Amino acid sequence: MADLKTLLRNWASIMAANKQRLIELDGLVGDSDLGLTMTDGFGAAHEAVKDSPETDLGKLAYAAGKAMGNAVPSTMGTLMASGLMNAGKALRGVENMDGYAWPTFFRAYFDGVQARGKAQVGEKTFLDGLYPAVQALERGAPDMEAAAPMAAKAANDAFLATEGMLAKHGRMAIRGEQSRAYLDPGAAVAALLMDGFAQTLLR
Numbered sequence: 058m059a060d061l062k063t064l065l066r067n068w069a070s071i072m073a074a075n076k077q078r079l080i081e082l083d084g085l086v087g088d089s090d091l092g093l094t095m096t097d098g099f100g101a102a103h104e105a106v107k108d109s110p111e112t113d114l115g116k117l118a119y120a121a122g123k124a125m126g127n128a129v130p131s132t133m134g135t136l137m138a139s140g141l142m143n144a145g146k147a148l149r150g151v152e153n154m155d156g157y158a159w160p161t162f163f164r165a166y167f168d169g170v171q172a173r174g175k176a177q178v179g180e181k182t183f184l185d186g187l188y189p190a191v192q193a194l195e196r197g198a199p200d201m202e203a204a205a206p207m208a209a210k211a212a213n214d215a216f217l218a219t220e221g222m223l224a225k226h227g228r229m230a231i232r233g234e235q236s237r238a239y240l241d242p243g244a245a246v247a248a249l250l251m252d253g254f255a256q257t258l259l260r
């Protein structure tokens with residue numbers, strides 16, 4: 058079974074590889090810094106724990122989230138860090154990521170982001186991309202090798218479905234009805250996270 062350090066490494070890699078794409082998506086509706094924030098943030102999360110001897114995966118995830126929050130204290134950076142830190146709390150005492158620990162990790166990640174950002178599913182945010190993926194993992198437990206690709210597809214489909222949704226948070230919300238014409242950059246991040254997870258499980 059893939060481990061948490063491998064996931065964080067893959068997340069850092071996939072964000073770096075998609076930096077320009079995220080910059081372009083964010084440039085249509087925000088301030089164009091999402092690609093830089095996600096690359097720097099997940100890079101910092103990985104660097105903080107890659108050589109750690111810590112065996113408690115909850116503590117490891119929390120430390121990764123804390124490092125991310127310190128590295129990129131922007132709105133999205135803080136949200137992603139909150140997700141990691143909440144996942145760390147949920148995994149406290151866990152030393153092996155099995156087919157039930159992964160859904161717990163992602164549900165807690167979702168809950169952490171939602172608690173910090175105060176958004177709801179359906180409001181055109183990161184949550185809209187991650188929520189159906191979490192559901193797919195929970196339905197598929199404990200067979201994560203089968204569930205991970207389905208979760209990745211669910212997240213990508215949900216990202217594409219944000220076109221047509223009305224934004225209620227952030228700079229995009231200022232556009233009102235015009236926000237329906239755009240894809241949500243946050244949901245794109247969720248799709249990348251789940252793609253990175255699927256890659257982690259299937260390698």
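Note that the sequence shown covers residues 58 to 260 in the working numbering. All C-beta atoms in this analysis are idealised placements derived from N, C-alpha and C, irrespective of residue type, glycine included. Keep in mind that this is a model prediction, so the values were computed, not measured.
By the Cβ neighbour-count rule, Gln171 is buried, with 16 or more other Cβ atoms within 10 Å of its own.
By the criterion of a C-beta distance shorter than 6 Å, His103 is surrounded in its chain by Leu65, Arg66, Ala69, once the five residues flanking it on both sides are discounted.
The DSSP-derived three-state label of Pro160 is helix. In this structure, Gly126 keeps its C-beta atom at 8 Å or more from the C-beta atom of Ala118.
Taken in chain order, the complete alpha helix (DSSP H) segments of 4 residues or longer contained in the region 84-113 are 91-106.
Spanning the alpha carbons of Glu81 and Gly87 requires a straight line of approximately 10 Å. The beta carbon of Leu187 is closer than 6 Å to those of Phe167, Ala247 in its chain, skipping five residues each way along the sequence. In the structure shown, Lys225 adopts coil according to DSSP, grouped into three states.
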